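In full-length UniProt numbering, the protein residues as written are 1 to 101.
Here it is as structure tokens:
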């Protein structure tokens, strides 16, 4: 029975387009709310764009660092390979000199 009464009350307030205890808003109040809502949304969009630009900048900076590190690693790898080649050549020539009478 309580549920039925609650449902009827909700239907009555729905038809009047207002919730119990609330008064209907005037056109001026609705316009003010709309204007304030638009300002808020514009502000949030600007904040989101600013954050996207910061993220983009961070990604570009990280990308530059990654490229620099890869270049350093490739150079170190080349130096290691050159040192290994030099060591093998030195060992090979030393072995030839020792085995010669």
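From the three backbone atoms N, C-alpha and C, an ideal C-beta is built for every residue, glycine too.
Keep in mind it's a predicted model, so treat the numbers as computed, not measured.
- Assigned with DSSP and collapsed to three states, residue 26 falls in coil, not helix or strand.
- Just so you know, the alpha carbons of residue 43 and residue 62 end up roughly 29 Å apart.
- Rounded to whole angstroms, residue 28 and residue 35 show a C-alpha spacing of 10 Å.
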